[in-house]
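**Q**
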Amino acid sequence: MIDNSVICALATSQVTSAISLIRISGEDSFKVVNKIIKFKNKDKKFNKIDGFTIHRADIYDNKILIDDALISVFKKPYSYTGENMIEISCHGSTYIQQKILELLTKNGARLANAGEFTLRAFINGKIDLSQAEAIADLISSTNMASHDIAINHVRGGFKNELSVLREKLLNLTSLLELELDFSEEDIEFADRKNLLQIINELITKVSYLKNSFELGNAIKNGILITIAGNTNVGKSTLLNAILNEEKAIVSNIHGTTRDVIEDIIVYNGINFRFADTAGIRESKDKIEIIGISRSFDKIKQSKIILLMVDTLSNKKQ
Numbered sequence: 078m079i080d081n082s083v084i085c086a087l088a089t090s091q092v093t094s095a096i097s098l099i100r101i102s103g104e105d106s107f108k109v110v111n112k113i114i115k116f117k118n119k120d121k122k123f124n125k126i127d128g129f130t131i132h133r134a135d136i137y138d139n140k141i142l143i144d145d146a147l148i149s150v151f152k153k154p155y156s157y158t159g160e161n162m163i164e165i166s167c168h169g170s171t172y173i174q175q176k177i178l179e180l181l182t183k184n185g186a187r188l189a190n191a192g193e194f195t196l197r198a199f200i201n202g203k204i205d206l207s208q209a210e211a212i213a214d215l216i217s218s219t220n221m222a223s224h225d226i227a228i229n230h231v232r233g234g235f236k237n238e239l240s241v242l243r244e245k246l247l248n249l250t251s252l253l254e255l256e257l258d259f260s261e262e263d264i265e266f267a268d269r270k271n272l273l274q275i276i277n278e279l280i281t282k283v284s285y286l287k288n289s290f291e292l293g294n295a296i297k298n299g300i301l302i303t304i305a306g307n308t309n310v311g312k313s314t315l316l317n318a319i320l321n322e323e324k325a326i327v328s329n330i331h332g333t334t335r336d337v338i339e340d341i342i343v344y345n346g347i348n349f350r351f352a353d354t355a356g357i358r359e360s361k362d363k364i365e366i367i368g369i370s371r372s373f374d375k376i377k378q379s380k381i382i383l384l385m386v387d388t389l390s391n392k393k394q
């Protein structure tokens, strides 16, 4: 359940830096912050300040000056959370960060739970669920492709796709209900061919969204490519060549690789996760058997499998 309490949290990392940002959100945000700051312009009051404005202020612990900061003001409902919000841009000393949070919590705020600002934005109708998830994807994006997908979803791209699909489904449902309601009458509300065409268009659209989701998921998590095959067919040599480093041990001894060795290369903005696996063969070695089992698990998870075969060997591959 969402509550109406004032929440606060660091929006930047808890490390020493030039600048840190502390966010405060809630109905009484201005009242809480007003207890710990003094505007440089003494005539300024929160109830007279416009939203989307920035103001200089000193932060105090009673009469002790803590920092000279910038106060960004966002008034409901025109803020990220849809509530009254303040962002304090302070110097990035870890002491200053913690001291400001301590002062805020002493004066009526509480520390926010993980993701609570975005949760409030969702609850207050500022974003939908797909956009909330996209914000997390955008923050964790590690390449251009995953960034492009996430930023499109944040801007409502996926939401718009679903809205169009929903509208078409509702139209189809309405036509079918009318046909059923007047099935005994000599009235035709929709041509059968048109209905089939609409259904086929919907199937195509759903299939497209399904495929785009799978592609987006692969791009976000990286496309897993597993190098598989018998022992001593060059799997580790291939991995080292792809990565251009000695990642895996290469030896003439069968069964050298006993666990999955993984690494990532980025190509055209997409992460490709290459996995070298234990050679597949019959074995009585318990450790090697575990490694072979993991090889099969990795094969099942893969989008692409590079099966290596020794064409010069007389053994059955």
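Just so you know, the sequence shown maps onto residues 78 to 394 in this note's numbering. C-beta atoms are modelled at their ideal positions from N, C-alpha and C, and glycine is treated no differently.
Between G169, Y172 and G128, which has its C-alpha nearest S156's C-alpha?
**A** Answer by Cα proximity: G128.
**Q** Specify, as a first and last residue, the run of the alpha helix (DSSP H) that V110 falls within.
**A** From DSSP, the alpha helix (DSSP H) with V110 extends over S106 to N111.
**Q** Have a look at I319, N248 and A355 and flag the residue whose alpha-carbon is nearest the alpha-carbon of D336.
**A** Closest option to D336, Cα to Cα, is A355.
**Q** For D120, count the other beta carbons within 10 Å of its own beta carbon; 16 or more makes it buried, fewer makes it exposed. Which is it?
**A** D120 should be labelled exposed.
**Q** Give the secondary structure of R350 by DSSP, where H, G and I count as helix, E and B as strand, and everything else as coil.
**A** If DSSP states are grouped into helix, strand and coil, R350 belongs with the strands.
**Q** Compare the beta carbon distance of I101 and L188 with 8 angstroms and say whether it is the shorter of the two.
**A** Their beta carbons are not under 8 angstroms apart, which means I101 does not touch L188 by this criterion.
**Q** Starting from H224, follow its DSSP beta bridges and name the residues at the other end.
**A** None, per the DSSP bridge assignment.
**Q** For I204, which of helix, strand or coil comes out of DSSP?
**A** The answer is coil: DSSP assigns I204 none of H, G, I, E or B.
**Q** Spell out a yes or no on whether the region 131 to 146 and the region 193 to 211 are touching, meaning 3 or more CB-CB pairs, one atom from each, closer than 8 angstroms.
**A** The region 131 to 146 vs the region 193 to 211: no contact.
**Q** Which residues in the same chain have their Cβ closer than 8 angstroms to the Cβ of N161, if we skip the five residues on either side of it in sequence?
**A** Once the five neighbours on either side are set aside, the close Cβ partners of N161 are S102, G103, E104, D105, S106, F107, F151, K152 and K153.
**Q** Strictly by DSSP, which residues pair up with K115?
**A** For K115, which the question treats as bridged, DSSP gives the partners D135.
**Q** Does the region 342 to 357 come into contact with the region 295 to 303, if we say contact requires no fewer than three beta-carbon pairs (one atom in each stretch) closer than 8 angstroms?
**A** Judged by Cβ distances under 8 angstroms, the region 342 to 357 makes contact with the region 295 to 303, as three or more pairs qualify.
**Q** Tell me whether the beta-carbon of G169 lies closer than 8 angstroms to the beta-carbon of T93.
**A** Yes, the pair counts as a contact, with Cβ atoms nearer than the cut-off.
**Q** Give the secondary structure of G368 by DSSP, where H, G and I count as helix, E and B as strand, and everything else as coil.
**A** Reduced to three states, the DSSP call for G368 is helix.
**Q** Leaving aside the five residues before and after L279 along the sequence, list all residues of the same chain whose C-beta is less than 8 angstroms from its C-beta, in chain order.
**A** Closer than 8 angstroms at the Cβ level, and outside the excluded window around L279, lie L242, K245, L246 and L249.
**Q** Output the distance between the C-alpha atoms of L286 and Y344, rounded to the nearest integer angstrom.
**A** Computed Cα separation, rounded: 24 angstroms.
**Q** Using the Cα positions of E262 and L252, report the straight-line distance between them to the nearest angstrom.
**A** One C-alpha to the other measures close to 15 angstroms.
**Q** Do you know how far the Cα of G233 is from the Cα of A432?
**A** Any question about residue 432 goes unanswered here, given that the chain covers just 78 to 394.
**Q** Just the C-alpha distance for S217 and G192, rounded to the nearest angstrom, thanks.
**A** Using only the alpha carbons, I get a separation of about 14 angstroms.
**Q** Across which residues does DSSP place G169 in a beta bridge pair?
**A** According to DSSP, G169 bridges with S94.
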